[in-house]
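Engineer: For reference, the structure I am asking about is given below.
Residue numbers (the working numbering): 1131 to 1706.
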């Protein structure tokens, strides 16, 4: 039954099964996010004044300096003890595993992300938990798929389900979680992807609400545009926040590029020192900072402080993450955007007192604009804005600000999505062309021909005739029990018709034979095409691969499930 399930999931007609897996994935990923949040908030409440998990501002000067430094030192020690080489974490790591490893995410990176993110946030670094949450949710659902030995095309969907569930659980915004997974993680919109990802976000949100309640992340007043003349201020805010997003991406790129050769421990200590110094001056930049967002929305912070928070938070975050802190950047962009929006709102009130919306209105718009421009995910930002405010009146101005900010960052300042930038800094890229998108949705098991027989190369005539009576499409020709060639069975039938020899050597008779390589039954059609192109082949043998003593693939002791040709790939793409 499980084997039939795997074969069904390898095809393009597996939507009901994927929806069921989406529900399970959402519960699994949501549980991981709940554990991370409980760990962080419980420990924060134990040492922060008044038991408030975000009350870093009430710490003494020395504590604000020593806490980030101690956390960075602890991360360096833990990672040195647990891991010999570098460990990749975060959303960029998820994109890399999707592009180059078909969604298989290592366990050790999951552990490193959980520990590293918890220490970074608890110790007051200017980072967020949403990026780590995406990694943890995606990794958790990847483990689920690997444990069930599901085909890799469905594993990609499970990874997207985990990412959507983590965003939905973090912000209590299921729609934004779905759009984030489609815009940022898989970078495509399909019905087969939407349905399971939606169910994953829903189940994760329900589970999170059962634990933490239905209260929104931010305390939002009734917000709306006062008059159309405010569109001028909104346009200005879009341009300003777009420039801030471009600066954020640029500083992060430079820091990442220039500091990679520094030893990890030294980078961590430098990150702790930078955060500690910034925290002495502006303690509001410590931790996730959602208390600062709420204060900005309520209009409790002055323009000078908001401006200071914008730039100090921006540099503390980009320098810390560029140096390698194992945490996220989505949360900090929300804080930076809210503070920048609050500044514009205060200026608008000064110039047009009583005629413009509240500063909280501008803060919410700024939050969405900064998030959308930095991630180049405008629809996800707009959906988050709508779900957080529960106010359709904010969509029109939100569309203007988010799009202007995104265009300013991407076209005026030539900055791409922060995650794609970081991926390219690793020397990698994310292929998202139509051919790759279509082929990676289906597993090789869904398109391969199962009509084959294994045969030794030396046969007597009656043995060859008996072989053809089974009407196989392909013959896997073996020599000394090792497969050496693939032959269409019609070639043997033609030879027997034209010749009467009693001895038949399938490697010597005039016939069309194909060199081939082995590919795993869980692999996708995209990987199959890549292997064909790299090895200049037109045929692949689908089966269980075995590694030799030197880690090289060998065809000894193999099991063949089917044959996949280049023509099958072209036919699938043409008609799907």
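We put the beta carbon where it would ideally sit given N, CA and C, even for glycine.
Do residue 1334 and residue 1543 have their CB atoms nearer than 7 Å?
Structural biologist: Locating residue 1334 in the chain shown gives position 204, where the first residue counts as 1. Locating residue 1543 in the chain shown gives position 413, where the first residue counts as 1. Not closer than 7 Å, so no.
Engineer: Helix or strand or just coil, what does DSSP make of residue 1235?
Structural biologist: Your numbering for residue 1235 matches position 105 in the chain shown. If DSSP states are grouped into helix, strand and coil, residue 1235 belongs with coil.
Engineer: Considering only the alpha carbon of each residue, which of 1529, 1362 and 1554 lies closest to residue 1379?
Structural biologist: Within the chain shown, residue 1379 is the residue found at index 249, counting from 1. Checked all of 1529, 1362 and 1554; the closest Cα to residue 1379 is 1554.
Engineer: How would you label residue 1191, buried or exposed, when you count the other beta carbons within 10 angstroms and need 16 or more for buried?
Structural biologist: Reading the chain shown from its first residue, position 61 is the one you call residue 1191. The residue is exposed, with fewer than 16 neighbouring Cβ atoms inside 10 Å.
Engineer: Closest by CA to residue 1419, which one among 1405, 1174, 1449 and 1465?
Structural biologist: Counting from one through the chain shown, the residue named residue 1419 turns up at place 289. Minimum Cα distance to residue 1419 is reached at 1465.
Engineer: In whole angstroms, what is the alpha-carbon distance linking residue 1512 and residue 1298?
Structural biologist: The residue labelled residue 1512 in the question sits at position 382 within the chain shown. The residue labelled residue 1298 in the question sits at position 168 within the chain shown. Spanning the alpha carbons of residue 1512 and residue 1298 requires a straight line of approximately 14 Å.
Engineer: Determine the closest residue to residue 1665 out of 1599, 1648, 1257 and 1528, with distance taken between C-alpha atoms.
Structural biologist: For the purposes of this step, residue 1665 is identified with residue 535 of the chain shown, where counting begins at 1. Nearest C-alpha to residue 1665: 1648.
Engineer: What's the C-alpha gap between residue 1146 and residue 1318?
Structural biologist: In the chain shown, the residue the question calls residue 1146 occupies position 16. In the chain shown, the residue the question calls residue 1318 occupies position 188. C-alpha separation (whole angstroms): 20 Å.
Engineer: Using the Cα positions of residue 1458 and residue 1523, report the straight-line distance between them to the nearest angstrom.
Structural biologist: Counting from 1 along the chain shown, the entry for residue 1458 is found at position 328. Counting from 1 along the chain shown, the entry for residue 1523 is found at position 393. Rounded to whole angstroms, residue 1458 to residue 1523 spans 30 Å at the Cα level.
Engineer: Just to check my reading of the structure: residue 1313 and residue 1509 have Cβ atoms closer than 8 Å, yes? What is that Cβ distance to the nearest angstrom?
Structural biologist: On the chain shown, position 183 is the one that residue 1313 refers to. On the chain shown, position 379 is the one that residue 1509 refers to. With a Cβ gap of about 6 Å, residue 1313 and residue 1509 count as contacting.
Engineer: Does residue 1319 come out as helix, strand or coil in the three-state DSSP assignment?
Structural biologist: Working through the chain shown from its first residue, we reach residue 1319 at position 189. Coil at residue 1319, not helix or strand.
Engineer: Got a sec? Which residues, its chain only, sit under 8 Å from residue 1682 by beta carbon, not counting five neighbours each side?
Structural biologist: Here residue 1682 corresponds to residue number 552 of the chain shown, with the count starting at 1. Interpretation of residue 1682 is limited by its pLDDT of 48, a score under 50 that renders its predicted location unreliable; the figure taken from the coordinates is listed afterwards. Closer than 8 Å at Cβ, skipping near neighbours: no residue.
Engineer: If the criterion is Cβ atoms closer than 7 Å, does the pair residue 1653 and residue 1234 meet it?
Structural biologist: Position 523 of the chain shown holds residue 1653. Position 104 of the chain shown holds residue 1234. For residue 1653 and residue 1234, no; Cβs fall outside 7 Å.
Engineer: Could you pull the DSSP bridge partners for residue 1585 from this structure?
Structural biologist: Counting from 1 along the chain shown, the entry for residue 1585 is found at position 455. Answer is 1607, bridged to residue 1585.
Engineer: What residues in its chain sit with their C-beta under 6 Å from that of residue 1329, if we drop five residues either side in the sequence?
Structural biologist: Within the chain shown, numbered from 1, the residue matching residue 1329 stands at position 199. 1149, 1152 and 1153.
Engineer: Using DSSP bridges, identify the partner residues of residue 1458.
Structural biologist: Translated into positions along the chain shown, residue 1458 becomes position 328. As DSSP reads the structure, residue 1458 sits in a beta bridge with 1258.
Engineer: Could you give the DSSP three-state label for residue 1183: helix, strand or coil?
Structural biologist: Working through the chain shown from its first residue, we reach residue 1183 at position 53. It is coil, neither helix nor strand.
Engineer: Within the same chain, show all residues whose beta-carbon is closer than 7 Å to that of residue 1685, passing over the 5 residues directly before and after it, in chain order.
Structural biologist: Position 555 of the chain shown, counting from 1, holds the residue named residue 1685. Low confidence applies here, because residue 1685 scores a pLDDT of 45, under 50, leaving its location unreliable and the question unanswered by this model.
Engineer: Just mark residue 1596 as buried or exposed, buried being the case when its beta carbon has 16 or more other beta carbons within 10 Å.
Structural biologist: Reading the chain shown from its first residue, position 466 is the one you call residue 1596. Counting Cβ neighbours within 10 Å, residue 1596 comes out exposed, since fewer than 16 surround it.
Engineer: Which value, in whole angstroms, describes the spacing of the CA atoms of residue 1218 and residue 1434?
Structural biologist: What you label residue 1218 is simply residue 88 of the chain shown in a count that begins at 1. What you label residue 1434 is simply residue 304 of the chain shown in a count that begins at 1. The alpha-carbon atoms of residue 1218 and residue 1434 are separated by roughly 38 Å.
Engineer: Can you tell me which of 1625, 1138, 1443 and 1361 puts its alpha carbon nearest to the alpha carbon of residue 1528?
Structural biologist: For this step, residue 1528 is matched to residue 398 along the chain shown. Closest by alpha carbon: 1361.
Engineer: Drop a sphere of 10 angstroms on the beta-carbon of residue 1499, count the other beta-carbons inside from all chains shown, and report buried for 16 or more, exposed for fewer.
Structural biologist: On the chain shown, residue 1499 is found 369 positions in, with the first residue counted as 1. Result: buried.
Engineer: So residue 1692 and residue 1582 are supposed to be a Cβ contact under 8 Å. How far apart are they, rounded?
Structural biologist: The residue given as residue 1692 occupies position 562 in the chain shown. The residue given as residue 1582 occupies position 452 in the chain shown. Cβ-Cβ separation between residue 1692 and residue 1582: approximately 7 Å, consistent with a contact (criterion under 8 Å).
Engineer: Can you tell which of 1261, 1285, 1264 and 1390 has its C-alpha closest to the C-alpha of residue 1272?
Structural biologist: Indexing the chain shown from 1 puts residue 1272 at position 142. Of the candidates 1261, 1285, 1264 and 1390, the one whose C-alpha sits nearest the C-alpha of residue 1272 is 1285.
Engineer: Could you tell me the boundaries of the beta strand (DSSP E) in which residue 1635 lies?
Structural biologist: The count along the chain shown starts at 1 and reaches residue 1635 at position 505. Taken as a continuous stretch (DSSP letters only), the beta strand (DSSP E) holding residue 1635 covers 1633 to 1635.
Engineer: My guess is that residue 1497 and residue 1471 are in contact by the Cβ rule of under 8 Å, so how many angstroms apart are they, rounded?
Structural biologist: Taking the chain shown and counting its residues from 1, the one referred to as residue 1497 is at position 367. Taking the chain shown and counting its residues from 1, the one referred to as residue 1471 is at position 341. Right, their Cβ atoms sit about 6 Å apart.
Engineer: In whole angstroms, what is the alpha-carbon distance linking residue 1603 and residue 1507?
Structural biologist: As a first step, residue 1603 is located in the chain shown; it is residue number 473 there, counting from the start. As a first step, residue 1507 is located in the chain shown; it is residue number 377 there, counting from the start. Those two C-alpha atoms are separated by around 48 Å.
Engineer: Mapping the DSSP letters down to three states, classify residue 1650 as helix, strand or coil.
Structural biologist: Your numbering for residue 1650 matches position 520 in the chain shown. Reduced to three states, the DSSP call for residue 1650 is coil.
Engineer: By alpha-carbon positions, which one of 1461, 1245, 1384 and 1425 ends up nearest to residue 1260?
Structural biologist: Residue 1260 sits at position 130 when you count from the first residue of the chain shown. The candidate whose alpha carbon is nearest that of residue 1260 is 1461.
Engineer: Going residue by residue through the stretch 1347 to 1405, where are the continuous alpha helix (DSSP H) segments of at least 4 residues, counting only ones entirely within it?
Structural biologist: Counting only runs of 4 or more, we get 1361 to 1389.
Engineer: So what's residue 1418 in DSSP terms, helix, strand or just coil?
Structural biologist: As a working mapping, residue 1418 is identified with position 288 in the chain shown. In this structure, residue 1418 counts as coil in the three-state DSSP scheme.
Engineer: Quick check on residue 1558: does DSSP put it in helix, strand or coil?
Structural biologist: Here residue 1558 refers to the residue found at position 428 of the chain shown. Residue 1558 falls in the coil class under three-state DSSP.
Engineer: Measure the C-alpha to C-alpha separation of residue 1424 and residue 1222 and round it to an integer number of angstroms.
Structural biologist: Walking along the chain shown from the start, residue 1424 turns up at place 294. Walking along the chain shown from the start, residue 1222 turns up at place 92. About 29 Å.
Engineer: Nearest CA to the CA of residue 1587: which residue from 1605, 1577 and 1601?
Structural biologist: Mapped onto the chain shown, residue 1587 falls at position 457. Considering only alpha carbons, the answer is 1605.
Engineer: Who are the near neighbours of residue 1230 in its chain, counting only those whose CB is closer than 8 Å to its CB and skipping five residues on each side?
Structural biologist: One-based indexing of the chain shown puts residue 1230 at position 100. Around residue 1230: 1558.
Engineer: Which residues bound the alpha helix (DSSP H) around residue 1308?
Structural biologist: Residue mapping note: residue 1308 aligns to position 178 of the chain shown, counting from 1. Taken as a continuous stretch (DSSP letters only), the alpha helix (DSSP H) holding residue 1308 covers 1304 to 1310.
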